[in-house]
Every structure is written in C-alpha cells, then in structure tokens.
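These notes are about the structure you will find just below.
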C-alpha cells in the first residue's frame, strides 16, 4: 500500500472511532491498521453468525482462535470471550455460542458485532512490541521478551520513534535475555528481520498518527520463519501538545555566543551593600577579571564598586550582551521590558521565587515578556554562570579561574556548588559552569548546541532532573557526541528519587528505563552518581581517545592487578590477549616468578627501571590501545619516582605522536596523593586508595569513543551490526 | 525410612556403582536414591520387554514418558531414547521398539537394561534443584528457575549444604524472578514447602555422601500441589580431600591473644643496616612505642638499635610471644626449628620467595616444621602486622598510631599499603592491620575468631582473593556478625579478575555467584570495591546502629535531595512515609514553598536555625531511625556553622541516650572539606562533593544491622519470613 493510501485509510478509521466517542480500537479495527502498515497478524475474519464462523474456520485449514468482537468489551478474556485451538465444524459452532453467551452474561448491554475467527499461530518465542507516548520523549517504541520475562524482570528496551531497520534490530540485542532470540539449548533462532520489521512498522504508525497514544502487539509469536502479532491493541488519546517556542540552530548559536563571550554586561540590581546578591555578582565580575564592560544598574546609587550606576538599563551606553538580574522576583518582568527595549539578547535570572515556589503565573509572565522581545532567559532560580576563558564570573558564588576543557551545567544550585567545590579542590580545568534552574527558556539542548561548537570545550557534563524537550536534547546530543563527550547525571532515577524530583521542580520525572535507553542511543555517557559525573568531567578532557579495544594492566602489586581486572570487566573493557612476541618482550623485564600475560605483574620489589621499561613497551606497541597502571609503594620505587618516570614516558611518546589513555591506581602511604596530582596534571589519570575510579574513568572514555565511532575495531562482535541474511524488508 | 536404613541402602548402591567402575548413576539408580531420601519423583517402573511396558503404562492411568535405561548411555535424548506423552497400548508398543532401535543405532555396544516407563507430570513451573562440590565451600545446594531463565540469565542461588527448611525456603525468594513462584498474571503460586523440601533433601543426601559430586533435579515441575523431579542425575567423584590441620577455638584464641597482645617480640634477621627489612622492622617496633620487650636476633651483631642482639632466638631470655622473620626464604625453615625449640607460639613470616614465586616445596617444608612444633604462622610474603592498642608495628612499612575500632586484613601487600595510606589520610581509627599473604597457616577465619572477641575491635574489614576453607570462614563469620560487622572485599569477582587471581596466588578462584550468596548468608557485608571497603571500615565503627528502617532526608538543596533519594533506593533503604503529625512539625520550621514529606526540603536560603530545628526534630522523634543530611553552602549558613550545629545536636542527644546514625552530603566550595572532617570526628559520617558515599555507608550499616537482627521491624515484608501454611514437612 502506498504511504498516502495507508494514511488516508487509517485517518478515516480513527475519525470514525473518534466519532463514536471511543479511544480503544476493536480487534477488527486493529487488523485494518495492521494491514495498512504491513504489521504481520494472523489471517482472520469477522463472523457475524455461526455458519459464517464455520466457513471462516474451514478456510484457515487448521485450528483457530475465536474471540468476541464488541466495542464495549475491552478485556475479552475476562468476559469469557476467547477460545483457543478450535478445530472442526461442531467445535466451532459450540465455541461461537459459548462466546456470545458469556459476553451477554458479562455485559448485558454490550453491542456484539460478531466473533473473530483467527488462524492459530504455531508455537514460538513470545515477545512484545509496542509504542507509548512518553512525557519527555514523545513517541517511543518498546521491545521485550513476553511472558514472565517482561512482567517480572522488566526486560524491555526503548527507542525514539520512528526507528529504521538497523535501530529496530539493535533492540533485539539490547535485552538482557537477548540470547534467547538467537536460540538456546538447540532451539532455532527467530527471524530477526521479521521481528525488526514489526518494530519499525509500529514506529511508523505512531509517528504518522500522534493521536495514537499506545500500541501493543502482545504477544508477537516469533519463529524461525516469521514474527506475527497474535493480538494488536491500539489506544487513542487527545493530543494537546503545548507548542514550545523553538529557535533555529543559528539563532541559538548567535545568542549563546553573546551570552558566553560578552563584550558588555549589565547588572540589574547591582549593589554596594555587602551580603546582597547584587553586590556579590558585581564583585565577582570585577574580581574575576572580566575585561569587557560592566555596567551596574540601580536607580538609588550613583556608582557601585567605583563604576557609574545607571537608573535604567536603557540608559547604559552602547550595545549590551547580557543583563544579569539580581532583583526580587516581583520586579523582574518590568525590568525585563527595559532589557527588551535595549535589545539585549540574554537575561540571566538569578532570583528565585518563581515556579519552584509555586509562582507559575509570575514565571509565565516573565517568559511572555522575553518571547515578545526575543530575549533568551537563563534561569530563573540559579547561581548564575561562569565563562572561564572570558574571565567571566556572573554569579553570587566565589570566582573560579582554572581554565580548561570541561563545560558543566546543573539544574540545581546545590549541585552547582558541589561542582564548584570539587573543581577547586581538584584543579579541574573548566570552560564554563552554568546554572539552569527552572529552565523557563534556555535548556540543556541550547547549551549543548553552543558547547558543541565552542573550541574551548572538550567535554560537556550536565546534571539534570528532567528534560523539557527530550527530542531536542537527543538531536543536540547526536550532533555533539561525534565531536566531544557528553556526560549526563540524571537525578530522580529511582522511584523514590522521582518522587523527590516531583516535589522539587514540579517536573514530571520520566521513567528511568526510557531515559536510560534513549540517552544511550544518543551516545551520552550516563554517570551513575554525582561524584562519578565530577570525576568523568575532570578526566575525560585529560585522557587521549583510545584507538582500539586492547587494554593492558601493568602492576607492581598482584593484588591490585586482580582488582583492576575486576574493574576492567565491570566497565565493559577488554583485557588484551597478549600475543606471544609481546609477552616475551614483557618477560624480558620482569622477574621469572612475575606473571606476564595480562595483568603484567612486575612484582612488588622492582626498581623504577622495571616500571619504566614495561610502561614504555606498552606505549610503544601499536597493538596496545590503553594502559592501566597499578603502583605499589616501596622504598625501591617511591611514589614521586614512579610518577616522574611515568609522566616522562607518556610525554615523550606524546611528542612522537603516540597518544594512548593511561590511568593509574596508586596503592601506598599518603605520599601517593601528591604523586597522583602530579600525574593528573600531566595527562595520566591517577587515584590513590582505589582500583575502581581510574578504570571507571577509562570506561567512560571508551563508552564515548564507541559512541563517536573512534575505535578501529568497533564494539563487540555481537551487538549492533548485522550478521547474516539480507537487508530488512522494504517499507510499505 | 529411618536415617540409618536409608544410608545403608544408598551406601550399598553407590558401592555397587563403584564396583562397576562407573561414576554416573542410571535413572533407576537415581530413583532408588530419591526414594531413600524422600525426593519426590514421578511414579515409574522398569520394563524389560514390550508387554511389561504396556502393563506399566496401564497402571499409571494417563500419558507416560518412556526412556531408555542403559549404563552406557548418559545423554538419553541425544540417543533418541526418550519419548514423551505416550498413551494407549499401541503407542506404548511402538515407542518401546523405536527407543530400543534408536539406542542400538546410537551405541551398538551399549548394554540395554530396558525402558523406563514414567508418569507424565502435569504442566507447571520448571525449576532446577541441584548440588555441586565447590572448591572453596564444599557441598553447596543450588536452586534456580528452569528453562531459559537459568541458562541465559543465570538466575540461580546457592547455600551451604545441609540447609534446614527455612534456609531452603529463603532460596525461593533469592531469585531475581522470585515473583514467578508466587504466581504472576493470575497463575497460581507453586507449593513452596514442597519445593523447599526437595532442596532440603538433596542437601541431606550430599552431606551424608560426600562422594556424590553433583546432583541435578532438572527439571523439577512445581505446581500448586507438589514439586516433583522429572529427572534426577547423580555423579560420583573420587574424594581425596587434603585434610587441613585444624585448631579448636580455644587454641586459636590462645595463640592469637599472644600474637596481638605480645609481651615479648623477637626479630629474626634484625639489622642495623638502613634499607634492610630487618632494620625497618626493628625501627618500627621501637619508634612505634611498643612497651613490651624487643629482642633482635642476628648472629653477626652485638647490638641492634642499641638493644642486645642474640645469636639465636633460643638465647633470648624469658618467654617470647612472637618471632618476626626478616631473613631470606631459604633460611626460614632452619630458624623456625629454633623458634619451635624456644616454644614461641607465633611466627610472622615477612619474607617472600615461597608459593607465590612457585616455591611450593619450600613453603610445605616450613609448614611441616610449624605443625611439628605447634607454631602458628602468619604469612609468608607479607608486610607484617599492626596492633595499634599495643603500639605494635611489626612491619617494614611506616608506623601507624591512630587507635580505633576497625581491624583490617589484606591478602595482598599492595592492598595493605593502600589500607595504610587511606587510614592515615582520613585519620581512620584502627585496632589492627594484618597482612595475610600466602596464608600457609593463619587464615581469615582465625583472625575473625580473634577480632570477634577483641574488645578494641568494633568492625572487621578483609580483602581476600580466596578462602582456604570456606566453611571455617562462614562458621567464624556467623559467630562474629551478631557482635560486630564483617566487611569483605572479594577480589577476582569477574572472569577476567579470577584469571588474574589464578596467576597471582595459584589459588583456584571460586565462582563469584557462590561466594556472593554464601557470604551474604553468613551475614557478611560485601564491599563492591577497594575504596568502598575502606570507607565502610572507616565509617561503620563511627555510626551508631539503627533501630529501625525509617530513613529521613533533610536537605537544604532540593537537587541533593533528589540524588540522596536515588541513593537511598539504590542501597535498599526505606524512605520513611512521614506521619501527618511529624510532617506538620517539620512544616513549622520550613518556608511555605519548601517541601515537607521526605526528603524534607528546607530550601537553600535558610539560616542555621532551620537546619538545627529540623535535625533536632529528626533526632527527637522515636519513629525516625536514621538521618541523611544534604547541606548547601550559602553565606547564610556557612559550612563550619552547619558542621558545629549538627555535631552539637548529635552530641546532646547522644548524652541523653538517643543514638541514631546520621550521615551527610555537603555540597559547596572547598570549605566543606574541613566541615566534613570535623563532623566525621564527631560521629557524623560526612562527605563533600558526593551524594552517593554517605548513603552507601549507611546502607552498609543497615545490611549489618539486618544480618545481626538489630532492627526492630526486621527486613521487608516479603523475604525470609514464613507467610502461610504449616511448617516444612518432616525429615525422611
């Protein structure tokens, strides 16, 4: 069927259903839709009387399933309206009468349109294919194993609709029990293409008809020859999607450039009074060393911190890029009108007292003013923002000046303070720290768009509790990830957490399983916790990108080697199978009772030369793609000696154009802390008293490298790529 | 059947099987064993000819399964030797002939004893019940769901055999898919008692007959009425368990007391030469402030560090408790003879060069000398040990003197150094640090036995790669856990890790699933990584024991509240449902737009009094059992102000006898680090820049409190406790 035809046909059907005031489709209506979109369902006919049923059953040449058809009966089984495996005229007759009688008993007023007579499907693997409307991501397709697996173990995976054939196929491998579809215990594998086609077509259907809220093919019976939906359930919903004002990529970049690299900043509510936010902001702008113009606005002062103060922002001379608001919430809308008249493109709304305290009205009013004037809003309810390469600290917090490659954003102010403290404590090199707060306008996707282009930013790390527009975020992430890693800490993951998110921001927290699959699909690295996000943010810009999968552990402590191996496996990395010639090379440097193989256990009593020779060998050999070092504090090789020799080797190879990620776990007395800081500042990600963190960080880098297709031999052999057979079946 | 009778009967059967040189039992032999131990199996008979088969089938009054019986055919299905669902004389005849013909074709020389005719079991939930012989733990029973679940998802649980009825029942709830057994989608629940009985009886069987290496009841068909094993497979093995020398609890405590609280220590190989281990050990003993006698032994010196040196340890005057060895491996055996003659009960073998370098011979020789003289050995291949309350640093590492409640042990020297460095950096209060190395004699169970009694020790944390005797460890853990928490970091968890363990210690690393279940069963808290073990070790002695499940989060930063809630759920803790009266009390202190409920969100701009009032309310209310605090750094409430008010409140309540665990996450600039240290030293476990760690530590405390039955309302409602029905059926 041509795409136009099928749309017309389904359109007509849905309109008819709506006209009757229904939202649930009957089975025959489901079949019309399935046929229109090429969704495979069993042969079936509607029998309006008993002899018609006998004739239908005869045409299918085998046992049949018989089901009541009534617009008023949704749960057919509960109504005694389903009989399975009916064969022969006598049994068909008996079943027909029983079904109708049961239905009458169950719902005396139900309109009964007849009995559906359906081919009985052969036994096979039960799976479920469906689509739902997610509050964050919109139309989402779901795939899972059927039966107890989906119900008890929640072994389901999600993708944004629509999906193409490859994406649909990837869903088959995303289940924990994926192996079942490939055939276990000698069972034959199912027809993967047929299954993927069912998913793809459902995704097309809900994309074409946004008013379809839910589709369930449950179960789909998958066999080596086919994948047929035994039942199709379609539910409609009224759609009243609040249209968000959207901006083009060029518009976003234009205003973001002026926000992040302003030449002139006005502070509305600037103050000379210590303790006032308007004073802190002014002071931080001045003390932070911002070299552009800083204009205080305050009708009650002549000058603030020695700078001329203006009564209104409209009085400020020249073009202004950013207006930072440090006035109470109730005055924001009026001041924003003046910002609009002055044609300032960005307003940074520090004040709280908007939606987060229940003042939705006030926030809507401010947004309306901004939209009328084309002003982009950051906040409200934020600490402000830092653009370190501009020496810009537009915040009431303390200044931060360690320039570097990571841009950090946080929805919550508390988390922003943790970001700042962690960065300062670890000397993390930062390109920006941005508070997002209530996200009345500017959102993670706008920031991603900018940071993706910003040459100072090498990695973006975002704390978020919700996404106002999941699809815009995915689009921005997909565009950014090939260039630089995007780390996300999604708070409100768990049921308890989600409840807390609800009370905090009023945002409906999405189902975490949907977030998880879709963020992964977008190539985002998800941090399991706050500290992980911070560590990834610190480390990812420091570590070079690996060029392949082969990880080698070199350790002075066998005990660390075992734990580092555990961590390598936990993080989905591959311990290299060391080729014999390389093994022999390692053995030349280590004592006879040391263990070559991988981990390379150089043993604990070894001098610096053994560490150095083996590390250089690992850097040198092109088959090795990443090094994990386990250092053991001894008198023979003290911590700083290890740190210096390692940093020197890494630097020398880097000068020769050989860059590999090197991470290290230092086991030893407190001197190892200084050694770790020394190594970190020289591009070796090193931690004391932990074997987990260095490998977790390397794992994050690998996850990005895979998502951005940076590895030579990409991914495990099973997984996303096609294996056998032809291309997925064509469209409709 | 009486216990004696059944043993005799099975003994005779196994002897007969052995006599034939077989290790696999036939199905009829399996049935004999099943009948003897009351393991429910279908009715069945052996038919030696076709008419006998027809008669048997007629007696079962329903469809039957027919299977070939041959001592030479193990895989009956492969041989075409199984036909399912045969009904009626004609079909039974045909099946008999087909089975025998298939078997002949499959293995022409096989002895065919006939065809087993078995009742066909009704459909039900397939599960697997089995027993294996684990290299670490010996006889272990296994329980899992059958079919793809056990094969693909490895949803299996283990217990030490034998198990009693309650333990067997607990296995049903230990599966991820446990819900399936309780009935999902309207399916009826299975007969839990009958299933538990199958497990219990298998565990009795393998306990009575250690030569039975494996038992498989696969599948067991579980229905609402019964649990019957459709197939029983029994495999024998030659048993030559190397008898370990064992010591009584009193013997262990007697020698351990002298090791950990010595009055006199001899250092064999003491030296004046800087850089030598014998010099470092002497120096640390002296500098560490040990108040007992320290006797250097060195035939080539008159005095060492100003103390008289002896030619032989036999020349040392008076009783000696510990001989610390700092001489090369090849001289150890001879010197140990002298230690034996001097009747010194403990030898601490620092030297390496034994089993870990392939010198198994040398190690065996040393062990033989020790056993002859009744000397307990610590090591070899260790850094030594610390007993801080004795100011004893018998090690070549640096001294450590922060006295406290945690005893730490490590199998690996590198991990020992990480323990020392972490302890020093965080000022962790320590009662002992002990290196275990090759564990030629003293083992984790000996140390657990001692630390369980040691009044200075409040928590024990152990790094281990293997256990020489898993059962002794479990016994010691079970005795210790009711008194104090035991934390274990088991290295070599993953396949890659286990390989590394193999190359490091030559120890056969156990299957991690077995370790995991059995350690949990013993009440041990398993740390997921090195840093977690260290953090638990630091925190557990500091935190009071919670008296109930109700956790309340009080937070200044809503964003932290969401992440803390995530962490609470991740750690299996319960966010208290706040009763209305308590909610109202909280609301009196927080702004109207703050969120009561749980988390209690006091909002960010609040003064110290709001933190203090809400924290005191949480401490005061007896329905609240633990507090998780989320602090947000502001000018209004700076970090040290928060720390002081919190510590003061906790101390005041403690003086009034109200002790609850309080943990805190501090989000802020670097000043929060000092505040965290201040809080930690006052009993509030506080961390900067992380919402995960404080809750993980609280989670560890709760896991122990549950294992030690310290909670008033113990455990979740489903789980270990019985629900309905009578006691498990009696024994045989």
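Residue numbers (full-length UniProt numbering), protein chains in the order written: chain A, 1 to 732; chain B, 1 to 732. All residues carry an ideal CB built from backbone N, CA and C; glycine is no exception. Keep in mind it's a predicted model, so treat the numbers as computed, not measured.
*asked:* Tell me which residue opens and which closes the beta strand (DSSP E) that residue 244 of chain A is part of.
replied: Element bounds for residue 244 of chain A: n/a, residue is neither H nor E.
*First and last residue of the uninterrupted alpha helix (DSSP H) at residue 415 of chain A*: 413-426
*Could you give the residue range of the beta strand (DSSP E) that holds residue 295 of chain B?*
293-297
*asked:* Check whether chain A comes within 8 Å of residue 531 of chain B, counting only Cβ atoms and requiring the distance to be less than that.
replied: Residue 531 of chain B belongs to the set of residues whose beta carbon lies under 8 Å from a beta carbon in chain A.
*Looking at the structure shown, is residue 526 of chain B part of a helix, part of a strand, or coil, going by DSSP?*
strand
*asked:* Could you check whether residue 143 of chain A and residue 157 of chain A sit closer than 8 Å to each other, using their CB atoms as the reference points?
replied: yes
*Assuming residue 670 of chain A and residue 425 of chain B make a contact with CB atoms under 8 Å, what is their CB distance in whole Å?*
5 Å
_chain A contact residues for residue 688 of chain B, given Cβ-Cβ distances below 7 Å_ = Neighbours of residue 688 of chain B on chain A, chain order: 421.
*Report the residues of the segment 175-197 of chain B with a CB closer than 9 Å to any CB of chain A, ordered along the chain.*
176, 177, 178, 179, 180, 184, 185 and 187
*Quick one: which residues of the segment 655-677 of chain A get their C-beta closer than 7 Å to a C-beta of chain B? List them in chain order.*
The residues in question are 667, 668, 669, 670, 672 and 673.
*Taking 8 Å as the cut-off, decide whether the C-beta atoms of residue 63 of chain B and residue 87 of chain B are in contact.*
Yes, these two residues count as a Cβ contact at 8 Å.
*Kindly identify the DSSP beta-bridge partner or partners of residue 665 of chain A.*
A:630 and A:687
_Threshold first: 3 residues or longer. Then list the beta strand (DSSP E) segments lying entirely within the segment 300-384 of chain B, N to C._
322-325, 346-349 and 376-378
*Nonlocal neighbours in the same chain, by C-beta distance under 6 Å from residue 273 of chain A, ignoring five residues either side*: Only 279 meet the Cβ criterion.
*Supposed contact pair residue 350 of chain A and residue 382 of chain A - C-beta distance, whole angstroms, cut 8 Å*: Their Cβ separation, rounded to whole angstroms, is 6 Å, which keeps residue 382 of chain A and residue 350 of chain A in contact under 8 Å.
*Say whether chain B places a C-beta atom closer than 8 Å to the C-beta of residue 576 of chain A.*
no
_How far does the beta strand (DSSP E) with residue 393 of chain A in it extend, from its first residue to its last?_
Boundaries of the beta strand (DSSP E) harbouring residue 393 of chain A: 392-395, taken from the DSSP string.
*Look at the alpha carbon of residue 582 of chain B and the alpha carbon of residue 690 of chain A, and state the distance between them as a whole number of angstroms.*
41 Å
*Using a Cβ-Cβ cut-off of less than 9 Å, give me the residues of the segment 538-570 of chain B that come near chain A, in sequence order.*
553, 555, 556, 557, 558, 559, 560, 561, 562, 563, 564, 565, 566, 567, 568, 569 and 570
*Quick one: which chain C residues come within Cβ less than 7 Å of residue 225 of chain B?*
The question asks about chain C, but that chain is absent: this structure's protein chains are A and B.
*Taking only beta-carbon positions, decide if residue 693 of chain B is within less than 8 Å of chain A.*
yes
_Three-pair Cβ contact test at 8 Å for the segment 691-700 of chain B versus the segment 532-545 of chain B_ = yes
*Who does residue 490 of chain A pair with in a DSSP beta bridge?*
A:464
*asked:* Run through the DSSP bridge pairs and tell me what residue 143 of chain B is partnered with.
replied: Beta-bridge annotation (DSSP): residue 143 of chain B is paired with B:129 and B:157.
*Applying the criterion that 16 or more other CB atoms from any shown protein chain within 10 Å of the CB defines a buried residue, is residue 387 of chain A buried or exposed?*
So residue 387 of chain A counts as buried.
*Measure from the C-beta of residue 612 of chain A to each C-beta in chain B and report whether the shortest distance is under 8 Å.*
no
*What residue range is occupied by the uninterrupted beta strand (DSSP E) comprising residue 25 of chain B?*
Segment: none, residue 25 of chain B is in no beta strand (DSSP E) and carries neither H nor E.
*Could you tell me if residue 712 of chain B is buried or exposed, where buried requires 16 or more neighbouring beta carbons within 10 angstroms of its beta carbon?*
Residue 712 of chain B is exposed by the Cβ-count criterion.
_In the DSSP output, what is residue 232 of chain B paired with across the bridge?_
B:217
*Touching or not, the segment 356-368 of chain B and the segment 404-411 of chain B, by the rule of three or more beta carbon pairs under 8 Å?*
no
*Throw me the rounded Cβ distance for the residue 676 of chain B and residue 541 of chain B pair, which I believe falls under 8 Å.*
About 17 Å; that fails the 8 Å criterion.
_Any beta carbon of chain B sitting closer than 8 Å to that of residue 493 of chain A?_
yes
*Ends of the alpha helix (DSSP H) at residue 100 of chain B?*
89-106
*Partner residues on chain B for residue 465 of chain A, Cβ-Cβ distance less than 8 Å*: 559 and 562
*Beta carbon of residue 529 of chain B: closer than 7 Å to some heavy atom of the ligand MG?*
Among the components modelled here there is no ligand, and therefore nothing to report on the ligand MG.
*Please list, in chain order, all residues of the same chain as residue 472 of chain A whose beta carbon is under 8 Å from its beta carbon, the five residues on each side excluded.*
Apart from sequence neighbours up to five positions away, the residues of its chain that approach residue 472 of chain A with a beta-carbon distance below 8 Å are 246, 443 and 445, ordered along the chain.
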